[in-house]
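Numbering (the working numbering), first residue to last: 1 to 247.
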């Protein structure tokens, strides 16, 4: 009887997958297990190893030591203490991430959570609070969900950390960052975020971890980190699903 109870959920899952096979989140081809991505698309993804900038997580071809910084961070230090990204944002990963963000492929959050957990393990071990980069309420109403909040909630639950989705508020309904130059992106998010005063006492002296989907220039994470640091956070780190490289 006990064996039957253990086997039944697996049999039901296999039966459902046979009748309604899950599809790859990247190419939409049917796959025979609910991993979220097919083997062909998997091999094209570029995951970021430990050889990266100690501050922003920019990938290096070779390891230069744990404390090495990229040229940009040496020239313009970021407000956050550390950022790590799971993979490179390129032609092979872009479609999957955009579909998750805009096309309701929220089932990919399980796969993405595992990737975020893997690349940010060291950060998550030290985290006190995990929060998403917030959306403005108008954009949230249009989109119906905040993709960063889905990821942050899943990561927090997996690592048994406190999750506060509204710790930061987006008070400025900024235009999409995609239409701006590098300088324009920084200007666009300036003064866009504030701390929710309900949680001021919680932030003080704590290690707050931001979760977002894509790191392009770091402007959004930097703006969030400045608010958190000015509110008393001792450390602000970030974990993102993918990041743009200059290549």
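Note that the Cβ used here is the ideal one computed from N, Cα and C, for glycine as well.
Since we're looking at a predicted model, the values are computed, not measured.
Spatial distance of residue i from residue j (CA atoms)
i: residue 75; j: residue 69; result: 10 Å
i: residue 216; j: residue 243; result: 6 Å
i: residue 29; j: residue 108; result: 14 Å
i: residue 170; j: residue 211; result: 15 Å
i: residue 93; j: residue 203; result: 34 Å
i: residue 44; j: residue 32; result: 19 Å
i: residue 26; j: residue 149; result: 21 Å
i: residue 16; j: residue 103; result: Reliability fails at residue 16, whose pLDDT of 41 lies under 50, so the model's placement of it is uncertain and the value that follows must be treated cautiously. Taking the straight line joining both Cα atoms gives about 23 Å.
i: residue 118; j: residue 141; result: 31 Å
i: residue 24; j: residue 201; result: 43 Å
i: residue 112; j: residue 197; result: 31 Å
i: residue 168; j: residue 138; result: 16 Å
i: residue 129; j: residue 82; result: 15 Å
i: residue 105; j: residue 71; result: 36 Å
i: residue 224; j: residue 77; result: 15 Å
Nearest-angstrom Cβ-Cβ length linking residue i and residue j, presumed shorter than 8 Å
i: residue 164; j: residue 209; result: At roughly 11 Å, the Cβ-Cβ gap does not stay under 8 Å, so residue 164 and residue 209 are not in contact.
i: residue 80; j: residue 147; result: Contact flag wrong, Cβ pair sits at about 20 Å.
i: residue 116; j: residue 241; result: 6 Å
i: residue 97; j: residue 213; result: 6 Å
i: residue 131; j: residue 110; result: Not quite, the Cβ-Cβ distance comes to about 20 Å (not below 8 Å), so this is no contact.
i: residue 235; j: residue 59; result: 23 Å between Cβ atoms; not a contact.
Closest by C-alpha distance to residue i, when choosing among the options
i: residue 73; options: 229, 105, 218; result: 218
i: residue 91; options: 62, 127, 42; result: 42
i: residue 206; options: 187, 77, 114, 123; result: 123
i: residue 56; options: 46, 67, 62; result: 67
i: residue 156; options: 125, 142, 168; result: 125
i: residue 134; options: 37, 144, 62; result: 144
i: residue 231; options: 191, 214, 98, 199; result: 199
i: residue 228; options: 245, 166, 246; result: 166
Tell me the start and end of each unbroken alpha helix (DSSP H) in the segment 127-206 that is at least 4 residues and wholly inside, in chain order. Counting only runs of at least 4 residues, the segment 127-206 fully encloses the following alpha helix (DSSP H) elements, listed from N- to C-terminal order: 137-143, 147-159, 182-188, 200-203.
### Message
List, from N- to C-terminal side, the alpha helix (DSSP H) runs of 4 residues or more that fit wholly inside the segment 74-131.
### Response
94-102, 109-119, 121-125
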